[in-house]
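Everything on this sheet refers to the single structure shown next.
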Amino acid sequence: MPKFNLVGSLTSEKIKQQLVPLSIKIINDKYPFTKSKVVKVHVLDTDEYNKTVNKEMSTTSKEPSHNLSITVAVSEGMTFCPDANVYLKYSGDKIKKSSYVHNVIHELLHGLTCDTTYNNNKVMSSVLEESLTEYFYFKVLSDYLKTEDGLPLSFPNQFKTIQLLSNIIPEEQLLNIYIAKDEGLFKKNIDVKLGNGSYDKLYKDMDFVYRNPKSSDEAMQRIEKLLAK
Ligand SMILES: [Zn+2]
């Protein structure tokens with residue numbers, strides 16, 4: 006991955022003091038609506054991270070208006086909405102710097118779009134939230150670095166699906182759907198463009214691929230065929 010303005014190996018302090026502010030800045034530059042949003046970012050060592058996240062999960066899951074978002078990446082992170090609490094796991098320098106960059110931008114995007122979830126009292130299904138987050142993470146980073154080469158992806162199939170969809174639904178509209186967490190609008194757009202019932206077909210396969218990444222080939226082929234129209 007090209008340089009990200011960070012010299013030397015990352016420490017958790019450096020993630021907090023440099024990587025997080027820089028990531029927020031490049032997200033703000035690309036998507037100005039995020040400038041008015043506030044996120045609380047916690048960078049924690051593995052033990053502390055596991056303890057804190059488990060505690061947050063046990064309280065959050067009892068509160069129906071709350072939702073959370075999980076990144077399953079090499080280096081992990083978790084974002085809890087609507088409070089926009091972003092937890093980032095620091096696992097030392099055995100993990101590539103690019104994974105941290107990916108992780109931070111991805112989680113910050115969840116966090117910076119949290120309060121729209123809160124305002125509309127809408128929650129998007131995990132598969133759509135993760136797919137769109139990964140897509141917009143890629144947009145943010147490739148735009149900043151002026152290249153798409155070698156950027157890490159945690160959800161390559163989900164990214165590909167949204168990339169194919171962006172040929173059918175304009176990116177601006179995808180962003181509106183993402184900000185508003187409006188799954189109904191997503192369905193409507195797909196059914197208008199691809200015919201009634203298309204959303205249900207697509208969602209079924211997207212959900213399968215999301216849950217079964219190791220046996221996703223056939224479902225991915227159907228998605229590609231549907232979206233190649
Ligand atoms: Zn995520």
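So for the sequence shown, the working numbering puts the first residue at 6; every next one is plus one. From the three backbone atoms N, C-alpha and C, an ideal C-beta is built for every residue, glycine too.
Worksheet item: So what does Asn72 bridge to, in DSSP terms?
Response: Taking the sequence shown and counting its residues from 1, the one referred to as residue 72 is at position 67. Bridge partners of Asn72: Cys86.
Worksheet item: Is Glu135 near ligand 1, judged by its Cβ being under 7 Å from some heavy atom?
Response: The residue labelled residue 135 in the question sits at position 130 within the sequence shown. For ligand 1, at least one heavy atom lies less than 7 Å from the Cβ of Glu135.
Practice prompt. Using the DSSP secondary-structure output, state which residues sit across from Leu133 in a beta bridge.
Written response: For the purposes of this step, residue 133 is identified with residue 128 of the sequence shown, where counting begins at 1. None; Leu133 has no bridge partner.
Discussion item. For the stretch 136–150 against the stretch 168–182, do three or more pairs of beta-carbon atoms, one drawn from each stretch, fall closer than 8 Å, so that the two count as touching?
Written reply: Judged by Cβ distances under 8 Å, the stretch 136–150 makes contact with the stretch 168–182, as three or more pairs qualify.
Worksheet item: According to the Cβ coordinates, are Val44 and Ala89 closer than 8 Å?
Response: Working through the sequence shown from its first residue, we reach residue 44 at position 39. Working through the sequence shown from its first residue, we reach residue 89 at position 84. With contacts defined as CB atoms closer than 8 Å, Val44 and Ala89 qualify as a contacting pair.
Discussion item. Shorter than 7 Å, the distance from the beta carbon of His115 to the closest heavy atom of ligand 1, or not?
Written reply: By one-based count along the sequence shown, residue 115 stands at place 110. Yes, since a heavy atom of ligand 1 falls inside the 7 Å radius drawn around the Cβ of His115.
Item to complete: Out of Asp154, Glu153, Ser159 and Asp120, point me to the one whose CA is closest to Glu135's CA.
Response: On the sequence shown, residue 135 is found 130 positions in, with the first residue counted as 1. Nearest option by C-alpha distance: Ser159.
Worksheet item: By the 10 Å Cβ neighbour count, where 16 or more other Cβ atoms means buried, how is Glu112 classified, buried or exposed?
Response: Here residue 112 corresponds to residue number 107 of the sequence shown, with the count starting at 1. Buried, by the Cβ-count rule.
Discussion item. So, under 8 Å CB-CB, Ile110 and Ile174 are touching, yes? Tell me the CB distance rounded to an integer number of Å.
Written reply: What you label residue 110 is simply residue 105 of the sequence shown in a count that begins at 1. What you label residue 174 is simply residue 169 of the sequence shown in a count that begins at 1. Not a contact, Cβ separation roughly 23 Å.
Fill in: DSSP state of Asp50 mapped onto helix, strand, coil
Counted from its first residue, the sequence shown places residue 50 at position 45. DSSP places Asp50 in the strand class (E or B) of the three-state scheme.
Practice prompt. Quick one: give me the first and last residue of the alpha helix (DSSP H) that Phe191 is part of.
Written response: In the sequence shown, residue 191 corresponds to position 186, counting from 1. Residues Glu188 to Leu199.
Worksheet entry | For Val132 and Asp212, the rounded distance between their alpha carbons | In the sequence shown, the residue the question calls residue 212 occupies position 207. In the sequence shown, the residue the question calls residue 132 occupies position 127. Approximately 6 Å, taken between the alpha carbons.
Practice prompt. Can you grab the Cα-Cα spacing for the pair Val197 / Ile228, in whole Å?
Written response: Taking the first residue of the sequence shown as 1, we reach residue 197 at position 192. Taking the first residue of the sequence shown as 1, we reach residue 228 at position 223. Straight across, the Cα-Cα distance linking Val197 with Ile228 is about 17 Å.
Fill in: Separation of Gly82 from Lys102, as counted between CA atoms
Numbered from its first residue, the sequence shown carries residue 102 at position 97. Numbered from its first residue, the sequence shown carries residue 82 at position 77. In this structure, the straight-line span from the alpha carbon of Lys102 to that of Gly82 is close to 15 Å.
Practice prompt. Could you round the C-beta distance between Thr138 and Leu117 to whole angstroms and report it? I think they count as a contact, below 8 Å.
Written response: Sequence index remark: in the sequence shown, residue 138 carries index 133 (1-based). Sequence index remark: in the sequence shown, residue 117 carries index 112 (1-based). Actually they do not touch by this definition, with Cβ atoms about 10 Å apart.
Fill in: Bridge partner(s) assigned by DSSP for Leu93
Position 88 of the sequence shown holds residue 93. For Leu93, which the question treats as bridged, DSSP gives the partners Val48 and Gly82.
Fill in: Lys56 versus Asn72: straight-line alpha-carbon distance, rounded
Reading the sequence shown from its first residue, position 51 is the one you call residue 56. Reading the sequence shown from its first residue, position 67 is the one you call residue 72. In a straight line, the C-alpha of Lys56 is about 18 Å away from that of Asn72.
Discussion item. Let me check you understand the geometry: is the CB of Ser147 closer than 7 Å to at least one non-hydrogen atom of ligand 1?
Written reply: As a working note, residue 147 is residue 142 in the sequence shown. Checking every heavy atom of ligand 1 against the Cβ of Ser147, none is found closer than 7 Å.
Practice prompt. Pick helix, strand or coil for Thr39, following the three-state DSSP scheme.
Written response: For the purposes of this step, residue 39 is identified with residue 34 of the sequence shown, where counting begins at 1. In the structure shown, Thr39 sits in a helix (DSSP, three-state: H, G or I).
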